[in-house]
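These notes concern the structure reproduced below.
In UniProt numbering, the protein residues as written are 1 to 275.
If you want it as structure tokens, here you go:
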């Protein structure tokens with residue numbers, strides 16, 4: 001007890017993979033030996049090897065390591081789309097809980113070439129939650145002249161409420177924050193509009209768009225050459241994010257019919273079935 005244990009990245013990753021394997025085996029009611037594992041497109045060879053090693057530690061035969069944007073394109077079957085052109089250019093927009101990645105892929109037959117990647121490893125849904133929490137702390141102080149910014153328990157409850165409100169605001173124009181006895185027995189109730197949420201995070205949404213532009217600059221390509229825009233990651237559901245992308249790509253329809261939280265895993269399953 002109380003013993004400190006140092007783990008390398010591969011070991012930590014293998015613990016996660018072992019748990020995922022257990023969940024899958026329970027669901028399928030059969031043992032699992034083989035796996036296809038996805039990694040960010042910017043992973044180098046040593047990071048890919050480390051991921052493969054993590055799979056081996058977890059007792060898996062890693063059949064293939066594939067790029068996350070490639071998996072997302074596979075999920076939508078974009079490599080099979082009939083088109084007048086034999087090549088397709090696909091833009092993958094992946095805004096998750098803590099990271100943001102964009103990629104431009106060139107599809108030709110069954111081959112996927114990554115033309116460019118860009119992103120921010122410290123930008124995602126948690127940042128939008130943080131903005132909301134800070135706003136709620138200010139509102140609580142304004143209403144009750146009590147500063148709760150140093151109270152971990154109150155902040156935790158505000159964070160949970162903020163994340164829930166953020167999700168609600170993806171399909172509703174208003175969300176109710178209602179917390180009993182948030183601090184010193186004081187109840188806290190506040191209605192937050194989608195417009196307010198967008199205002200609190202607008203600079204972050206615009207930062208996403210700047211990263212999108214830099215990806216095109218790196219690829220030396222024009223946005224008009226993109227055939228498909230694929231949305232990945234839970235935060236890609238945010239209406240303002242979708243609106244900004246829709247406008248940037250001049251009205252192009254966004255591929256979002258597959259659950260954005262599951263698109264990469266779905267694509268990995270498609271790849272596994274093809275092997």
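Heads up, the beta-carbon is just placed ideally off N, CA and C, and yes, glycines get one too.
Asked                                                                                                                           : Found
Assigned exposure category for residue 173 - 16 Cβ within 10 Å defines buried                                                   : exposed
Three-state secondary structure assigned by DSSP to residue 64                                                                  : strand
Beta-carbon proximity check, residue 270 vs residue 75, cutoff 8 Å                                                              : yes
Residue 140 classed as buried or exposed, judged by whether at least 16 other C-beta atoms fall within 10 angstroms             : buried
Touching by the beta-carbon criterion (3+ pairs, under 8 Å), the region 62-79 and the region 33-46                              : yes
Inter-residue Cα distance where the pair is residue 103 and residue 246                                                         : 17 Å
Cut-off 6 Å between Cβ atoms - residues of its own chain near residue 197, not counting five sequence neighbours on either side : 169
Residue ranges of each beta strand (DSSP E) within the region 146-217, 3 or longer                                              : 174-183, 186-193
Own chain partners of residue 52 with C-beta closer than 8 Å, once the 5 adjacent residues on each side are dropped             : 37, 62, 65
CA nearest to the CA of residue 228, picked from 117, 77, 133, 135                                                              : 77
Residues of its chain near residue 112, where Cβ-Cβ distance is below 6 Å and the 5 sequence neighbours each way are ignored    : 70, 105
Nearest neighbour of residue 124, chosen from 222, 203, 10 [CA to CA]                                                           : 203
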